[in-house]
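Colleague:
In the working numbering, the protein residues as written are 1 to 64.
1. Considering Cα atoms alone, identify which of 56, 52, 16 is closest to residue 35.
2. If you measure between the beta carbons of residue 32 and residue 14, is that distance less than 8 Å?
3. Beta carbon of residue 21, beta carbon of residue 29: below 8 Å?
4. The alpha helix (DSSP H) spanning residue 47 covers which residue range?
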């Protein structure tokens, strides 16, 4: 329980890198794979946004 009511409650991560997987069921492993694939998609989308921002900045400040 949080010390104060307005403190956010920290969620336990769905998956921890390097965690022992031997005790997980096939269903749990599939759930983790799905969650990790979704996170990879989110990371790739952010990379795309940052890449297009960088390209726009380079074009704006390009001298020639």
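Positions of the beta carbon are idealized from the N, C-alpha and C atoms, including for glycine.
Modeller: Quick answer:
1. 16
2. yes
3. yes
4. 26 to 61
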